[in-house]
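According to this note's numbering, the sequence shown is numbered sequentially starting from 77. Where is the CB? At the ideal position from N, CA and C, for every residue including glycine. It should be emphasised that the depicted structure is a prediction, and the values quoted were computed from it without experimental measurement. Structure, as structure tokens:
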Amino acid sequence: MRIAMIGTGYVGLVSGACFADFGHQVTCVDKDEGKIAALNAGKMPIWEPGLEALVKANAGHGRLRFTTDLAAGVEGAEAVFIAVGTPARRGDGHADLTFVHAAVRELAKVIGPNTVIVTKSTVPVGTGDRIVEILAEEGVETVSVASNPEFLREGAAIRDFKLPDRIVVGAEDEHSREVLREVYRPLFLNQAPILFTGRRTAELIKYAANGFLAVKISFINEIADLCEAVGADVQDVARGIGLDNRIGPKFLHAGPGYGGSCFPKDTLALLRTAEEAGVDQRIVSTVVEVNDRRKASMAARVTAALGGSLAGKRVAVFGLAFKPNTDDMREAPSLPLIEGLIADGAQVAAYDPVAAEQARLLMPLVEFAPDAQAAAKGADAVVIVTEWDEFRALDLAELAAAMRGKVLVDLRNVYDRADAERAGLIYHGIGRGAA
Ligand code: NAD
């Protein structure tokens with residue numbers, strides 16, 4: 077089957093490479109000439125485990141191509157996926173559909189009849205309907221429009237794509253359903269459940285899923301605050317509730333608040349959709365507020381751990397990406413943290429295994445170290461912000477010896493207080509009020 081992927085970012089590139097790996101003929105199209113040139117030269121524009129090998133293998137077999145030429149990219153394609161960005165719009169936070177609408181208008185000029193246009197980007201309810209209208213405005217009536225939201229997680233994207241919990245397809249006609257069934261047929265062998273539903277419902281499923289996950293994270297973060305106040309341990313509370321099948325153990329890790337390219341913008345867009353529909357969404361609305369406040373309060377935790385002032389203090393930050401195994405810095409909790417530390421007078425040294433290059437552009441006042449030990453040298457405090465595997469088994473005694481002070485602020489609860497104290501460190505975790 078011939079597939080075109082419009083937008084070759086985290087989602088488009090991973091989806092395109094995985095579709096090619098299923099045996100489909102895939103062309104990835106992007107406007108960014110640098111990105112396409114890099115891909116054609118075998119260089120990955122993003123860091124994602126396993127991606128380079130997958131792209132190279134499928135490009136080598138001639139099943140995966142990269143181009144900036146939209147007309148050539150969509151020629152003969154039965155399904156054209158739109159995977160362009162839908163960032164939060166400045167001002168009101170609703171999903172900015174500029175890239176989606178522009179891609180559709182460009183597509184209208186080159187797309188063949190009976191093609192199915194599929195939105196893989198996260199788009200608000202009604203976007204599919206609007207795409208149908210735009211196509212009609214451009215004189216295109218024979219193209220179907222379907223919704224197929226993507227649920228992959230950066231850092232585990234290939235596995236998530238190939239072994240999804242479910243595939244959601246929103247379609248309004250049998251032809252779209254047939255084409256998408258064929259696209260995903262290789263996954264039926266893995267017995268991946270596929271949910272066929274209406275287009276508007278599929279669009280909402282994505283926002284409801286991210287809204288719910290954001291609720292879970294904020295819930296455990298507030299319980300962590302309570303643990304600190306009453307002398308309980310959030311790690312055990314999370315385990316104690318997570319073992320209940322009705323609750324489940326995932327997304328119950330207390331931390332510095334959620335970030336990334338999805339939860340912050342998708343919760344905001346969900347609220348705007350609800351507002352437009354005149355429906356209250358008080359839970360998600362509170363979660364957005366709780367999370368914003370939480371991210372903004374992390375610097376104050378470090379200040380408190382250092383005795384109330386950061387003047388003349390040196391702080392080492394371990395991990396900058398919004399989560400491990402990615403170089404994505406979008407809405408990362410490290411950003412407001414470091415901004416706050418610097419505003420309060422600290423000197424900040426940072427280390428991240430892969431996101432340093434991206435982070436450098438966003439944090440001009442930060443000193444970047446080549447490894448964790450170098451970042452910790454002479455520091456009054458070390459703050460673990462992203463739980464990369466390489467921060468999970470640090471030699472804490474060595475770390476303590478390299479530092480000037482002894483404070484370890486563990487925003488991901490990677491370490492036990494007892495181990496840290498044995499190494500001579502003063503430990504501050506999240507929600508670990510129990511002695
Ligand atoms: P991204 O910013 O990494 O990539 C988007 C790409 O689209 C860019 O390379 C850009 O140059 C390209 N583009 C924009 N307009 C174009 C056009 N008209 N023609 C061709 N290319 C164009 O974005 P992303 O993180 O891959 O996210 C894409 C969508 O998928 C968003 O809606 C996002 O919410 C959703 N999503 C993202 C993730 C994730 O983990 N990143 C997961 C699920 C869903």
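Original post:
Hey, would you say the C-beta of residue 106 is under 7 angstroms away from at least one heavy atom of ligand 1?
Top reply: Working through the sequence shown from its first residue, we reach residue 106 at position 30. Yes.
**OP:** Indicate whether residue 163 and residue 279 have their beta-carbon atoms separated by less than 8 angstroms.
**Re:** For this step, residue 163 is matched to residue 87 along the sequence shown. For this step, residue 279 is matched to residue 203 along the sequence shown. It is not a contact, given that the beta carbons lie outside the stated cut-off.
Original post:
residue 179: beta carbon under 7 angstroms from a heavy atom of ligand 1?
Top reply: The residue given as residue 179 occupies position 103 in the sequence shown. Result yes, Cβ under 7 angstroms from ligand 1.
**OP:** Locate the beta strand (DSSP E) running through residue 246, then write down its first and last residues.
**Re:** Locating residue 246 in the sequence shown gives position 170, counting from the first residue. Residues 243-246.
Original post:
CB of residue 454 to nearest heavy atom of ligand 1: below 7 angstroms?
Top reply: Translated into the one-based positions of the sequence shown, residue 454 becomes position 378. Checking every heavy atom of ligand 1 against the Cβ of residue 454, none is found closer than 7 angstroms.
Original post:
Does the beta-carbon distance from residue 510 to residue 309 come in below 8 angstroms?
Top reply: Translated into positions along the sequence shown, residue 510 becomes position 434. Translated into positions along the sequence shown, residue 309 becomes position 233. Taking 8 angstroms as the Cβ cut-off, residue 510 and residue 309 qualify as a contacting pair.
Subject >> residue 364 versus residue 275 - alpha carbon distance >> reply: In the sequence shown, counting from the first residue as 1, residue 364 sits at position 288. In the sequence shown, counting from the first residue as 1, residue 275 sits at position 199. Cα to Cα, residue 364 sits roughly 26 angstroms from residue 275.
**OP:** Please state whether DSSP places residue 206 in a helix, a strand or coil.
**Re:** What you label residue 206 is simply residue 130 of the sequence shown in a count that begins at 1. Three-state result, residue 206: helix.
Subject >> Check: residue 238 C-beta below 7 angstroms from any heavy atom of ligand 1 >> reply: To locate residue 238, count along the sequence shown from 1; it is residue 162. The answer is no for residue 238.
Subject >> Secondary structure of residue 403, DSSP reduced to three states >> reply: Within the sequence shown, the letter at position 327 stands for residue 403. Three-state result, residue 403: coil.
Subject >> Beta-carbon spacing of residue 90, residue 124 below 8 angstroms >> reply: The residue you call residue 90 lines up with position 14 of the sequence shown. The residue you call residue 124 lines up with position 48 of the sequence shown. Yes, the pair counts as a contact, with Cβ atoms nearer than the cut-off.
**OP:** Within 10 angstroms of the Cβ of residue 357, are there 16 or more other Cβ atoms? Answer buried if so, exposed if not.
**Re:** Residue 357 sits at position 281 when you count from the first residue of the sequence shown. Residue 357 is buried by the Cβ-count criterion.
Subject >> Cβ-Cβ distance between residue 409 and residue 332 below 8 angstroms >> reply: Taking the first residue of the sequence shown as 1, we reach residue 409 at position 333. Taking the first residue of the sequence shown as 1, we reach residue 332 at position 256. Their beta carbons are under 8 angstroms apart, which means residue 409 touches residue 332 by this criterion.
Subject >> 6 angstroms CB neighbourhood of residue 335 in its chain, flanking five on each side removed >> reply: For the purposes of this step, residue 335 is taken as residue 259 along the sequence shown, with counting starting at 1. These residues qualify, in order along the chain: 398, 407, 408 and 409.
**OP:** For residue 432, count neighbouring Cβ atoms within 10 angstroms of its own Cβ and tell me buried if that reaches 16, exposed if not.
**Re:** Indexing the sequence shown from 1 puts residue 432 at position 356. The residue is buried, with at least 16 neighbouring Cβ atoms inside 10 Å.
Original post:
Roughly how many whole angstroms lie between the Cα atoms of residue 126 and residue 234?
Top reply: Walking along the sequence shown from the start, residue 126 turns up at place 50. Walking along the sequence shown from the start, residue 234 turns up at place 158. C-alpha separation (whole angstroms): 7 angstroms.
Original post:
Three-state secondary structure (DSSP) at residue 219?
Top reply: For the purposes of this step, residue 219 is identified with residue 143 of the sequence shown, where counting begins at 1. Residue 219: coil per DSSP, three-state reduction.
Original post:
Does any heavy atom of ligand 1 sit closer than 7 angstroms to the C-beta of residue 227?
Top reply: Your numbering for residue 227 matches position 151 in the sequence shown. Yes - ligand 1 has a heavy atom lying nearer than 7 angstroms to the Cβ of residue 227.
Original post:
Which ranges would you report for the alpha helix (DSSP H) in the stretch 407-449 if only whole runs of at least 4 residues count?
Top reply: 410-419 and 432-438
**OP:** Could you tell me the distance, in whole angstroms, from the CA atom of residue 153 to the CA atom of residue 256?
**Re:** Start at 1 with the first residue of the sequence shown, and residue 153 comes out as number 77. Start at 1 with the first residue of the sequence shown, and residue 256 comes out as number 180. Approximately 13 angstroms between the Cα atoms of the pair.
Original post:
Is the closest heavy atom of ligand 1 to the C-beta of residue 82 under 7 angstroms?
Top reply: For this step, residue 82 is matched to residue 6 along the sequence shown. Residue 82 Cβ: within cutoff of ligand 1.
**OP:** Enumerate, from N- to C-terminal direction, the unbroken beta strand (DSSP E) stretches of 3 or more residues contained entirely within the stretch 126-158.
**Re:** 140-143 and 155-158
Subject >> residue 175: CB within 7 angstroms of a non-hydrogen atom of ligand 1 >> reply: One-based indexing of the sequence shown puts residue 175 at position 99. Yes, the beta carbon of residue 175 sits closer than 7 angstroms to at least one heavy atom of ligand 1.
Original post:
Shortest alpha-carbon distance to residue 112 belongs to which of 81, 94, 133 and 99?
Top reply: For the purposes of this step, residue 112 is taken as the residue at position 36 of the sequence shown. It is 81.
Original post:
Should residue 365 be listed as close to ligand 1, given that the test is whether its C-beta is under 7 angstroms from any heavy atom?
Top reply: Numbered from 1 along the sequence shown, position 289 holds the residue referred to as residue 365. Result no, Cβ not under 7 angstroms from ligand 1.
**OP:** Compute every distance between the C-beta of residue 86 and the non-hydrogen atoms of ligand 1, then say whether any falls below 7 angstroms.
**Re:** In the sequence shown, counting from the first residue as 1, residue 86 sits at position 10. Yes, since a heavy atom of ligand 1 falls inside the 7 angstroms radius drawn around the Cβ of residue 86.
Subject >> Three or more C-beta pairs below 8 angstroms linking the stretch 375-387 and the stretch 208-224 >> reply: no
**OP:** Please confirm whether residue 100 and residue 139 have their CB atoms less than 8 angstroms apart.
**Re:** Residue mapping note: residue 100 aligns to position 24 of the sequence shown, counting from 1. Residue mapping note: residue 139 aligns to position 63 of the sequence shown, counting from 1. Yes, they are a contact pair.
Subject >> Straight-line gap, residue 168 to residue 352 (C-alpha atoms, nearest Å) >> reply: Within the sequence shown, numbered from 1, the residue matching residue 168 stands at position 92. Within the sequence shown, numbered from 1, the residue matching residue 352 stands at position 276. Residue 168 and residue 352: Cα-Cα distance of roughly 12 angstroms.
Subject >> Rounded separation between residue 466 and residue 413 - CA only >> reply: Residue 466 sits at position 390 when you count from the first residue of the sequence shown. Residue 413 sits at position 337 when you count from the first residue of the sequence shown. Looking at the two C-alpha atoms, the distance is approximately 21 angstroms.
**OP:** Within the same chain, show all residues whose beta-carbon is closer than 8 angstroms to that of residue 182, passing over the 5 residues directly before and after it, in chain order.
**Re:** In the sequence shown, counting from the first residue as 1, residue 182 sits at position 106. So the qualifying residues of the chain are 146.
Original post:
Can you tell me the Cα-Cα spacing of residue 221 and residue 248, whole angstroms?
Top reply: Mapped onto the sequence shown, residue 221 falls at position 145. Mapped onto the sequence shown, residue 248 falls at position 172. Near 8 angstroms, if we compare the C-alpha coordinates of residue 248 and residue 221.
Original post:
Should the stretch 482-493 be called in touch with the stretch 285-294, which here means at least 3 C-beta pairs below 8 angstroms?
Top reply: no
Subject >> Inter-residue spacing [alpha-carbon to alpha-carbon] between residue 416 and residue 224 >> reply: The count along the sequence shown starts at 1 and reaches residue 416 at position 340. The count along the sequence shown starts at 1 and reaches residue 224 at position 148. If you take the alpha carbons of residue 416 and residue 224, they lie about 39 angstroms apart.
**OP:** Just the C-alpha distance for residue 370 and residue 307, rounded to the nearest angstrom, thanks.
**Re:** Start at 1 with the first residue of the sequence shown, and residue 370 comes out as number 294. Start at 1 with the first residue of the sequence shown, and residue 307 comes out as number 231. Near 20 angstroms, if we compare the C-alpha coordinates of residue 307 and residue 370.
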